[in-house]
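K.L.:
Pasting a structure here, questions to come.
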Amino acid sequence: MKFHMLHRVYLLAGVSYFATAPDVLADPVSLLATAIQGFLLSSTAIAATATGAIATIAANAIVIGGLAAVSLLGGRRGGAIKPSDAKSTFEAADSSVIEGIGRVRVGGMKAFGNTDGSTRWRLVARLQGPIDAIEAYYVGGREVVVDPDGSVTSPPWPKRSGGSWMKIEDKLGTGSETAWSALVTAFPSLWTSAHRVRGIAQSLVTYYNPGLTSGTYLKLYQAGVPDTEWLARASKIYDPRTGLTAWSDNGILACAHVLRRDPAFGFDGFDWDLIAASANKADVLVATKTGTEKRSRVSGMWAWESERGATMQQLMDSAGVVLRMTDAGKIWFDLIDDVPTSEIDFDPIDIVEYSWKSGPEAVERPNICRLEYYSPERNYDMAEIDLSGIAWARVQDEIDRYGPKYLDIKLPFCPSASQAQRIARRMFALSRADSGVMRTNMVGLAAWGRYYGQITEPDTGDIELVSLAAPEIDDEAGLVDIPFAIWPTLSAWNPAVDEADAPDEVPELGYTSDIPQPNAPTAMVQVVYPDTSREFRIGFSLTGTYDLSEANYRTYTGALPNGWTAMTEGTNFAYVAGDLEGVTVDCRVRIFNGEDGSPFSEILNGIVAIDNTAPTMPVASSGGIDAGTLNVSVHGTSLNMVAIRMRKRIYNDILGWGDWFDVVTYAGRPMQDLNFSDSAASQEVQWLLQCLTSNGTEGPGLVYHYTPPAP
6 MKFHMLHRVY LLAGVSYFAT APDVLADPVS LLATAIQGFL LSSTAIAATA
56 TGAIATIAAN AIVIGGLAAV SLLGGRRGGA IKPSDAKSTF EAADSSVIEG
106 IGRVRVGGMK AFGNTDGSTR WRLVARLQGP IDAIEAYYVG GREVVVDPDG
156 SVTSPPWPKR SGGSWMKIED KLGTGSETAW SALVTAFPSL WTSAHRVRGI
206 AQSLVTYYNP GLTSGTYLKL YQAGVPDTEW LARASKIYDP RTGLTAWSDN
256 GILACAHVLR RDPAFGFDGF DWDLIAASAN KADVLVATKT GTEKRSRVSG
306 MWAWESERGA TMQQLMDSAG VVLRMTDAGK IWFDLIDDVP TSEIDFDPID
356 IVEYSWKSGP EAVERPNICR LEYYSPERNY DMAEIDLSGI AWARVQDEID
406 RYGPKYLDIK LPFCPSASQA QRIARRMFAL SRADSGVMRT NMVGLAAWGR
456 YYGQITEPDT GDIELVSLAA PEIDDEAGLV DIPFAIWPTL SAWNPAVDEA
506 DAPDEVPELG YTSDIPQPNA PTAMVQVVYP DTSREFRIGF SLTGTYDLSE
556 ANYRTYTGAL PNGWTAMTEG TNFAYVAGDL EGVTVDCRVR IFNGEDGSPF
606 SEILNGIVAI DNTAPTMPVA SSGGIDAGTL NVSVHGTSLN MVAIRMRKRI
656 YNDILGWGDW FDVVTYAGRP MQDLNFSDSA ASQEVQWLLQ CLTSNGTEGP
706 GLVYHYTPPA P
């Protein structure tokens with residue numbers, strides 16, 4: 006009798022799971038709007054009576070032939086969702102739950118939409134929750150900034166009278182959601198307190214009507230109400246190193262998270278110590294062509310209804326990992342090294358029979374590698390890397406002799422061009438590798454659960470590093486057949502010669518005008534007004550013709566950025582009330598001319614601090630001295646100024662000039678005209694106007710001198 010022991014887990018998405026969907030998703034709208042049909046589970050149950058070695062073998066041989074059997078059970082093909090589809094806002098009566106890992110750009114499903122005849126509301130179900138945060142918003146493909154109250158503050162949406170013609174309000178899918186009050190109020194017969202949409206990361210988008218005949222309406226809605234998107238940090242995942250569930254794009258942790266979405270794989274079925282060790286390896290910084298990055302990161306989206314085996318394989322390929330089992334039958338994930346370490350050695354004395362096959366025939370063997378990945382540079386879409394000129398990706402001799410034979414590698418969960426190429430080089434080399442089968446005595450059972458071995462060839466004595474496939478055991482003959490592939494010899498990765506450039510970044514949709522990208526902001530400062538109120542400011546220098554500017558800033562939570570926040574723009578600076586002293590901040594700016602907008606500038610990053618460098622002298626805008634009365638309008642130009650103070654001194658014929666004394670101090674911002682007036686009262690007087698910083702540091706003074714006419 007011959008048994009086939011598969012040491013790799015194949016996950017079969019085939020059995021509908023609806024009745025046991027979690028309570029958190031079981032309210033009316035969750036079921037209706039997102040068509041939560043649950044997982045299509047893997048058929049992975051192991052009999053409760055299985056014990057000992059048999060149970061271990063069963064755990065290691067989950068779903069024999071599972072991937073091939075999917076078609077028999079009507080499983081939905083594919084794994085990762087096509088990014089261009091995920092970014093759209095779609096309507097469907099029946100849709101799978103969509104989950105994101107890492108950082109994703111997502112539209113969503115229109116779960117509800119209605120109007121009261123003027124205002125329109127749209128509820129968009131975006132992702133399975135809970136998610137971590139929203140980093141950016143897009144309206145009609147163009148990035149916008151959304152205030153904490155949901156108001157879209159980027160042109161053309163702000164109202165001149167205050168507020169916005171559009172609101173985007175969000176819930177992160179924590180499971181504690183309540184019904185949207187705006188929908189309950191507007192549609193009490195359609196939307197009730199029972200419509201909670203729990204556990205779904207979602208947006209309620211409100212479109213306000215400025216009047217059908219107004220120019221504003223045509224400006225905003227001439228192509229209909231625009232769709233919206235998020236750039237989001239998606240699902241929170243368990244990290245055994247901290248014992249916490251938090252956002253991470255760690256490739257190892259993400260693989261464990263997605264596999265655990267199938268209830269057949271419980272928490273106790275994983276070796277979390279080994280997973281923690283692998284996660285640490287995934288976080289190690291490696292060299293790239295442009296700097297360094299963590300070794301293994303993943304991002305992307307998948308449908309719970311998709312074929313689970315395909316999803317897991319795409320995810321593991323994108324992360325550069327392999328699923329492994331311990332002797333106790335527990336699951337863990339291991340990074341694949343370019344030069345792995347042998348886990349078992351076979352000498353000629355162990356080998357009964359040995360067959361060798363050179364790699365695929367030259368006329369069939371791949372000789373050109375083509376590579377696509379989930380590209381942030383291409384607005385989170387799949388993008389091909391131009392590998393022309395990269396030696397490892399082409400075998401020119403075979404191309405010349407047999408013509409091009411392509412190996413197309415798609416890594417839909419890989420967000421790094423550098424990582425994708427490191428993985429693709431190994432996959433391309435393995436696709437061309439020699440292979441064979443060795444027949445051993447029962448000592449071959451020791452290869453169970455091992456992935457890498459070393460073989461001393463019986464005929465030549467050569468020592469080869471190999472990857473091992475599943476052993477096949479013939480109990481009657483007492484023999485074990487072990488298929489293997491020769492592990493390719495790979496040189497140490499050298500980014501300078503082995504790595505092609507990532508694709509060029511593409512501008513956001515909608516920025517097709519000739520307005521150039523402005524320079525990055527030049528400065529950031531925290532200021533404290535005389536009344537102790539605080540304000541954060543950034544400075545920038547804009548050139549060319551434009552109607553208005555838009556400046557934003559964002560803070561960080563740990564190492565992760567928060568969403569962008571709008572500021573109030575002035576002339577070459579912007580400000581917002583608040584205390585950001587000591588906080589790490591990004592800031593940026595863009596300009597608009599009519600309906601056309603520039604791309605955002607590059608980002609200025611820094612730690613906010615108070616600057617008490619002496620400010621420049623105030624500049625007179627208008628006014629002067631008339632009949633002994635000073636009446637002037639002046640402004641400061643320094644970014645760090647908080648006030649302008651007027652001082653005065655009087656001349657005495659005997660004692661000369663007296664001491665300066667304060668007349669008045671007015672708080673103000675750069676380029677803000679402040680009015681000062683005072684009377685000389687028939688005396689010779691000097692007035693001194695100076696800009697002040699947060700701690701009262703004064704700059705040089707603007708002096709006005711009045712001499713009364715001779716009697």
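Numbers in my numbering are just positions in the sequence shown, counted from 1, shifted up by 5.
Note that CB positions come from ideal geometry on N, CA and C, so glycine has one too.
With burial defined as no fewer than 16 other Cβ atoms inside 10 Å of the residue's Cβ, what is the status of Ser-363: buried or exposed?
P.N.:
One-based indexing of the sequence shown puts residue 363 at position 358. The residue in question, Ser-363, is exposed, as its Cβ has fewer than 16 Cβ neighbours within 10 Å.
K.L.:
Less than 8 Å between the C-beta atoms of Gly-2 and Pro-523, yes or no?
P.N.:
No statement about residue 2 is possible, as the shown extent of the chain runs from 6 to 716 and does not include it.
K.L.:
Using the Cβ count rule (16 or more neighbours within 10 Å means buried), how would you classify Tyr-385?
P.N.:
By one-based count along the sequence shown, residue 385 stands at place 380. That one is buried.
K.L.:
Do Trp-170 and Lys-164 count as a contact pair if the criterion is CB distance below 8 Å?
P.N.:
Looking up residue 164 in the sequence shown gives position 159. Looking up residue 170 in the sequence shown gives position 165. For Lys-164 and Trp-170, yes; Cβs fall inside 8 Å.
K.L.:
Considering only C-alpha positions, which residue in the set Phe-275, Arg-399, Val-588 is nearest to Pro-566?
P.N.:
As a working note, residue 566 is residue 561 in the sequence shown. Among Phe-275, Arg-399, Val-588, the Cα nearest to that of Pro-566 belongs to Val-588.
K.L.:
As a quick exercise: from Trp-397, Arg-444, Gly-458, Thr-494, pick the residue whose alpha carbon is nearest that of Ala-482.
P.N.:
In the sequence shown, the residue the question calls residue 482 occupies position 477. When only C-alpha atoms are compared, the closest one is Arg-444.
K.L.:
Would you kindly work out how many angstroms separate the C-alpha atoms of Ala-38 and Lys-115, rounded to a whole number?
P.N.:
Position 33 of the sequence shown, counted from the start, is the residue given in the question as residue 38. Position 110 of the sequence shown, counted from the start, is the residue given in the question as residue 115. Below a pLDDT of 50, predicted positions are generally treated as unreliable, and Ala-38, at 29, falls in that range; the measurement from the model is reported next regardless. Taking the straight line from one Cα to the other gives about 8 Å.
K.L.:
Between the C-alpha atoms of Asn-499 and Thr-293, what's the straight-line distance to the nearest angstrom?
P.N.:
Mapped onto the sequence shown, residue 499 falls at position 494. Mapped onto the sequence shown, residue 293 falls at position 288. Roughly 8 Å separates the two Cα atoms.
K.L.:
Can you name, in chain order, every residue of its own chain whose Cβ lies under 6 Å from the Cβ of Trp-196, other than the five neighbours on each side?
P.N.:
Within the sequence shown, the letter at position 191 stands for residue 196. These residues qualify, in order along the chain: Leu-188, Val-189.
K.L.:
Do you know how far the Cα of Pro-493 is from the Cα of Leu-484?
P.N.:
Taking the first residue of the sequence shown as position 1, residue 484 is located at position 479. Taking the first residue of the sequence shown as position 1, residue 493 is located at position 488. Roughly 28 Å between the two C-alpha positions.
K.L.:
Return the CA-CA distance between Ser-682 and Ala-228, expressed in angstroms with no decimal places.
P.N.:
Here residue 682 corresponds to residue number 677 of the sequence shown, with the count starting at 1. Here residue 228 corresponds to residue number 223 of the sequence shown, with the count starting at 1. Taking the straight line joining both Cα atoms gives about 54 Å.
K.L.:
In whole angstroms, give me the CA-to-CA distance for Pro-714 and Ala-571.
P.N.:
Counted from its first residue, the sequence shown places residue 714 at position 709. Counted from its first residue, the sequence shown places residue 571 at position 566. Distance between the alpha carbons of Pro-714 and Ala-571 is about 54 Å.
K.L.:
Check Leu-679 in the structure and name its three-state DSSP category.
P.N.:
Working through the sequence shown from its first residue, we reach residue 679 at position 674. It is a strand residue.
K.L.:
Going by other Cβ atoms of all chains shown within 10 Å of its Cβ, with 16 needed for buried, is Thr-576 buried or exposed?
P.N.:
Here residue 576 is taken as the residue at index 571 of the sequence shown, counted from 1. The residue is exposed, with fewer than 16 neighbouring Cβ atoms inside 10 Å.
K.L.:
Please confirm if the segment 138-156 is in contact with the segment 253-273, defined as three or more CB-CB distances below 8 Å between the two stretches.
P.N.:
Contact fails: fewer than three Cβ-Cβ distances are below 8 Å.
K.L.:
Please classify Asp-137 as buried or exposed, where buried requires at least 16 neighbouring CB atoms within 10 angstroms.
P.N.:
As a position in the sequence shown, residue 137 is number 132, starting the count at 1. By the neighbour-count rule (16 or more Cβ atoms within 10 Å), Asp-137 is buried.
K.L.:
To the nearest angstrom, how far is it from the Cα of Glu-366 to the Cα of Pro-409?
P.N.:
In the sequence shown, residue 366 corresponds to position 361, counting from 1. In the sequence shown, residue 409 corresponds to position 404, counting from 1. Roughly 14 Å separates the two Cα atoms.
K.L.:
Determine the DSSP secondary structure at Asn-285, reduced to helix, strand or coil.
P.N.:
Within the sequence shown, the letter at position 280 stands for residue 285. Helix, per DSSP.
K.L.:
Can you tell me which of Ala-199, Tyr-222, Pro-135, Ser-194 puts its alpha carbon nearest to the alpha carbon of Thr-179?
P.N.:
Here residue 179 refers to the residue found at position 174 when the sequence shown is read from its first residue. Per the Cα distances, Pro-135.
K.L.:
Could you give the DSSP three-state label for Arg-165: helix, strand or coil?
P.N.:
Here residue 165 corresponds to residue number 160 of the sequence shown, with the count starting at 1. Residue state, collapsed to three classes: coil.
K.L.:
If I'm right that Ala-648 touches Leu-694 with Cβ under 8 Å, what's the distance once you round it to whole angstroms?
P.N.:
Start at 1 with the first residue of the sequence shown, and residue 648 comes out as number 643. Start at 1 with the first residue of the sequence shown, and residue 694 comes out as number 689. About 11 Å; that fails the 8 Å criterion.
K.L.:
Across which residues does DSSP place Phe-351 in a beta bridge pair?
P.N.:
Counted from its first residue, the sequence shown places residue 351 at position 346. Phe-351 is bridged to Ile-460.
K.L.:
Does the separation of the CB atoms of Val-102 and Gly-113 fall below 8 Å?
P.N.:
Here residue 102 corresponds to residue number 97 of the sequence shown, with the count starting at 1. Here residue 113 corresponds to residue number 108 of the sequence shown, with the count starting at 1. In this structure, Gly-113 does not lie closer than 8 Å to Val-102 by Cβ.
K.L.:
Looking at the unbroken beta strand (DSSP E) that takes in Gly-749, where does it start and where does it end?
P.N.:
Not covered by the structure: residue 749. The range shown for the chain is 6 to 716.
K.L.:
Can you look up Thr-179 in the DSSP assignment and give me helix, strand or coil?
P.N.:
Numbered from its first residue, the sequence shown carries residue 179 at position 174. In this structure, Thr-179 counts as coil in the three-state DSSP scheme.
K.L.:
If you follow the beta strand (DSSP E) that Ser-186 is part of, which residue opens it and which one closes it?
P.N.:
Stepping through the sequence shown from its first residue, residue 186 is reached at position 181. Per DSSP, Ser-186 belongs to no beta strand (DSSP E); it is in the alpha helix (DSSP H), 186-191.
K.L.:
Measure from the alpha carbon of Ser-546 to the alpha carbon of each residue in Arg-539, Ala-556, Val-668, then state which is nearest.
P.N.:
Within the sequence shown, residue 546 is the residue found at index 541, counting from 1. The residue with the shortest Cα to Cα distance from Ser-546 is Ala-556.
K.L.:
Are the beta-carbon atoms belonging to Asn-617 and Asp-591 less than 8 Å from one another?
P.N.:
Taking the sequence shown and counting its residues from 1, one reaches residue 617 at position 612. Taking the sequence shown and counting its residues from 1, one reaches residue 591 at position 586. The answer is no: Cβ separation not under 8 Å.
K.L.:
Given a threshold of 16 other Cβ atoms within 10 Å of its Cβ, counted over all protein chains shown, does His-512 qualify as buried or as exposed?
P.N.:
Within the sequence shown, residue 512 is the residue found at index 507, counting from 1. According to the sequence as given, residue 512 is Pro; it is not His. By the 10 Å Cβ count, Pro-512 comes out exposed.
K.L.:
Could you give the first and the last residue of the continuous alpha helix (DSSP H) run that contains Met-651?
P.N.:
Your numbering for residue 651 matches position 646 in the sequence shown. Taken as a continuous stretch (DSSP letters only), Met-651 belongs to no alpha helix (DSSP H), being part of the beta strand (DSSP E) at 648-657.
K.L.:
Please determine, among Asp-467, Gly-663, Glu-504, Ala-281, the residue with the shortest C-alpha to C-alpha distance to Ile-428.
P.N.:
For the purposes of this step, residue 428 is taken as the residue at position 423 of the sequence shown. Selected option, being the one with the closest Cα: Glu-504.
K.L.:
Sort Glu-140, Ser-301, Ile-659 by Cα distance to Ala-422 and report the nearest one.
P.N.:
One-based indexing of the sequence shown puts residue 422 at position 417. Of the listed residues, the one whose Cα sits closest to Ala-422 is Ser-301.
K.L.:
Which class does Arg-313 belong to by DSSP, given the choice of helix, strand or coil?
P.N.:
As a position in the sequence shown, residue 313 is number 308, starting the count at 1. Helix.
K.L.:
Do the CB positions of Trp-397 and Phe-433 come within less than 8 Å of each other?
P.N.:
In the sequence shown, residue 397 corresponds to position 392, counting from 1. In the sequence shown, residue 433 corresponds to position 428, counting from 1. Yes. Within cutoff.
K.L.:
From Ser-240, Ala-333, Ile-520, Gly-325, pick the residue whose C-alpha is nearest to that of Gly-602; which is it?
P.N.:
Reading the sequence shown from its first residue, position 597 is the one you call residue 602. For the residues Ser-240, Ala-333, Ile-520, Gly-325, the minimum Cα distance to Gly-602 belongs to Ile-520.
K.L.:
What number of angstroms, rounded off, separates the C-alpha of Ile-67 from the C-alpha of Arg-329?
P.N.:
Numbered from its first residue, the sequence shown carries residue 67 at position 62. Numbered from its first residue, the sequence shown carries residue 329 at position 324. The predicted model places Ile-67 with a pLDDT of 27, which falls under 50 and marks its position as unreliable; any figure quoted below should be read in that light. Their backbone Cα atoms lie some 12 Å apart in a straight line.
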